[in-house]
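Peer 1:
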Amino acid sequence: MKKIVAFLLAGCLALSLTACGQEPAGQTDPAEETVYPACFDGMEDLIAAARAEGALTVYGSCEESYLTAACQHFQELFGITVTYQRTAAGADVWFGGSAENCRAAAEAGQLMAYSAANAVHLTDSAYRDDDGYWYGIRRSVLGFIVDGSMLRRMEIDAPADWADLLELPYQELIWTSNYAADGAGRLLLRAAMQQPEAFGGRDYLVSLDENMALYTASDAEMVRCLGTGECVIGIGFLHDGMARITDDNCTGLRLIAPASGAPQKVDAAAIFQDAAHPSAAKLWTEYALSPECVDLAAQNGCYQYPVIDNAASVSLPAVIGLGSAPLLLPEDDGSEVDTWVDELMAALTEAGADTGADRFLTD
Numbered sequence: 059m060k061k062i063v064a065f066l067l068a069g070c071l072a073l074s075l076t077a078c079g080q081e082p083a084g085q086t087d088p089a090e091e092t093v094y095p096a097c098f099d100g101m102e103d104l105i106a107a108a109r110a111e112g113a114l115t116v117y118g119s120c121e122e123s124y125l126t127a128a129c130q131h132f133q134e135l136f137g138i139t140v141t142y143q144r145t146a147a148g149a150d151v152w153f154g155g156s157a158e159n160c161r162a163a164a165e166a167g168q169l170m171a172y173s174a175a176n177a178v179h180l181t182d183s184a185y186r187d188d189d190g191y192w193y194g195i196r197r198s199v200l201g202f203i204v205d206g207s208m209l210r211r212m213e214i215d216a217p218a219d220w221a222d223l224l225e226l227p228y229q230e231l232i233w234t235s236n237y238a239a240d241g242a243g244r245l246l247l248r249a250a251m252q253q254p255e256a257f258g259g260r261d262y263l264v265s266l267d268e269n270m271a272l273y274t275a276s277d278a279e280m281v282r283c284l285g286t287g288e289c290v291i292g293i294g295f296l297h298d299g300m301a302r303i304t305d306d307n308c309t310g311l312r313l314i315a316p317a318s319g320a321p322q323k324v325d326a327a328a329i330f331q332d333a334a335h336p337s338a339a340k341l342w343t344e345y346a347l348s349p350e351c352v353d354l355a356a357q358n359g360c361y362q363y364p365v366i367d368n369a370a371s372v373s374l375p376a377v378i379g380l381g382s383a384p385l386l387l388p389e390d391d392g393s394e395v396d397t398w399v400d401e402l403m404a405a406l407t408e409a410g411a412d413t414g415a416d417r418f419l420t421d
């Protein structure tokens with residue numbers, strides 16, 4: 059099996075981003091690839107049909123490092139030329155889009171149903187569409203990323219649940235991303251509104267604001283300030299905290315899953331209805347649900363939780379309470395969230411909160 063030269067791939071990526079918005083994954087001789095991993099047993103006809111098509115275009119919504127690795131490995135396995143891009147136009151498959159967005163696309167007739175054999179490895183029926191329009195590939199769990207070193211100096215215990223964040227000792231210590239941004243803050247808002255038994259609805263967020271120091275423009279902006287003494291408690295995705303600990307050596311951080319419930323979002327894979335390479339698209343779906351693809355995530359700095367039962371075990375920082383905390387999924391397609399953001403900001407203004415641009419940051 060030929061290996062793609064890393065600098066050639068990077069060069070193609072840079073050229074494609076500036077020229078046409080696509081990144082070719084390179085070339086591989088299909089004749090050299092004859093033995094496939096066991097997770098593709100029984101798929102000989104599908105593989106043959108996909109190789110006959112010879113090409114696949116992937117619309118990627120996940121991290122660049124994971125997208126590049128996944129496309130390159132698929133091509134190496136099957137000898138199918140893969141092009142990846144950041145727009146949906148002309149793509150065969152969607153990789154890494156949220157389950158809610160995939161659900162909306164399916165309802166609009168934009169996705170093709172497919173019964174994936176590897177879907178038997180999904181750990182919960184919530185991680186797939188009943189009609190086969192999309193399949194979950196990973197999940198992001200919302201929790202607390204706390205600077206344990208700072209809290210010890212302050213002689214403050216770490217919060218264990220959502221109600222704890224309302225206590226006086228945490229005043230001006232808590233950050234999350236702006237509710238208007240597509241990130242942790244927005245998922246928190248959805249959870250508070252959809253699962254009031256765990257949070258208390260909009261009133262909880264108004265009360266929480268009294269202890270909030272800052273709403274950042276993005277999750278990444280908040281995460282960069284963890285472990286530096288700037289942000290003491292972050293409401294964010296636990297995988298971002300894992301990256302900060304594992305990749306940036308911020309060993310003083312602690313990860314906590316709230317005891318009454320940890321909201322999560324699912325990223326998915328789907329096939330577009332007008333896919334020009336339908337067999338290759340179906341094979342990609344099987345690949346996306348296999349360890350061959352899933353295990354590449356952590357190898358490339360993406361620590362979201364797998365949703366298949368045969369993924370490789372990866373040693374990651376411990377999360378306090380994760381085994382016992384209920385995992386909460388969004389209950390709709392998110393179409394009401396913008397309205398909820400407006401209503402919450404109005405409620406905060408009425409309560410006398412500072413809703414200025416220097417506190418609710420935007421790009």
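For the sequence shown, the numbering used here gives the first residue as 59, with consecutive numbering after it. All residues carry an ideal CB built from backbone N, CA and C; glycine is no exception. Keep in mind it's a predicted model, so treat the numbers as computed, not measured.
1) Taking a contact to mean a Cβ-Cβ separation below 8 angstroms, would you say Leu-247 touches Leu-402 in this structure?
2) What is the residue span of the alpha helix (DSSP H) that Phe-257 lies within?
3) Using the DSSP secondary-structure output, state which residues sit across from Arg-312 in a beta bridge.
4) Using a 10 Å radius around the Cβ and a threshold of 16 neighbouring Cβ atoms, would you call Gln-357 buried or exposed?
5) Use the C-beta contact count for Ala-422: other C-beta atoms within 10 angstroms, 16 or more gives buried, fewer gives exposed.
6) Since Trp-152 sits in a beta bridge, which residues does DSSP pair it with?
7) I'd like the span of the beta strand (DSSP E) that includes Ser-337, first residue to last.
8) On the DSSP letters alone, give me the boundaries of the beta strand (DSSP E) that Met-270 sits inside.
9) Just to confirm my understanding: we take Asp-219, look at its own chain, exclude 5 residues before and 5 after, and list those with CB closer than 8 angstroms. What are they?
10) Can you tell me whether DSSP reads Ala-289 as helix, strand or coil?
11) Sort Arg-186, Gly-148, Asp-150 and Ala-175 by Cα distance to Arg-161 and report the nearest one.
12) Quick one: what does DSSP say Gly-190 is sitting in, helix, strand or coil?
13) Evaluate Gly-392 with the Cβ neighbour count: other Cβ atoms within 10 Å of its Cβ, from every protein chain shown; 16 or more gives buried, anything less gives exposed.
14) From which residue to which residue does the alpha helix (DSSP H) around Thr-397 run?
15) Please name the residue in Trp-152, Phe-136 and Leu-135 whose C-alpha comes closest to that of Gln-143.
16) Among residues of its own chain, excluding the 5 on either side of Ala-271, which ones have a beta-carbon nearer than 7 angstroms to its beta-carbon?
17) Could you pull the start and end residues of the alpha helix (DSSP H) that Ser-123 belongs to?
18) How many whole angstroms separate the CB atoms of Thr-300 and Pro-375, which I take to be in contact at a CB cut-off of 8 angstroms?
19) In chain order, what residues of the same chain have a beta carbon less than 8 angstroms from the beta carbon of Tyr-273, not counting five sequence neighbours either side?
20) Starting from Phe-418, follow its DSSP beta bridges and name the residues at the other end.
21) Which one of Ser-207, Ser-265, Asp-267 and Asn-368 has the shortest CA to CA distance from Glu-288?
22) Are Ile-138 and Ala-96 close, meaning C-beta to C-beta below 8 angstroms?
23) Leaving out five residues before and five after Glu-389 in sequence, what residues of the same chain have Cβ atoms less than 6 angstroms from its Cβ?
Peer 2: Well, looking at it:
1) Yes, the pair counts as a contact, with Cβ atoms nearer than the cut-off.
2) 254-257
3) Val-204
4) exposed
5) Past the edges of the chain, shown from 59 to 421, lies residue 422, and the structure says nothing about it.
6) Tyr-117 and Ala-328
7) Careful: Ser-337 lies outside any beta strand (DSSP E), inside the alpha helix (DSSP H) at 336-346.
8) 270-274
9) Excluding residues within five positions, the ones whose Cβ falls inside 8 angstroms are Pro-316, Ala-317 and Ser-318.
10) The residue asked about is misnamed: residue 289 is Cys in this sequence, not Ala. Looking at Cys-289 - three-state DSSP - the assignment turns out to be strand.
11) Arg-186
12) coil
13) buried
14) 395-408
15) Trp-152
16) Glu-230, Leu-231, Ile-232 and Trp-233
17) 122-136
18) The residue you asked about is not Thr; residue 300 is Met in the sequence shown. Right, the Cβ-Cβ distance comes to about 5 angstroms (below 8 angstroms), so this counts as a contact.
19) Trp-233, Thr-234, Ser-235, Asn-236, Tyr-237, Gly-243, Arg-417, Phe-418 and Leu-419
20) Tyr-273
21) Ser-207
22) No, the Cβ-Cβ distance between Ile-138 and Ala-96 is not below 8 angstroms.
23) Cβ neighbours of Glu-389 beyond the five flanking positions: Gln-252.
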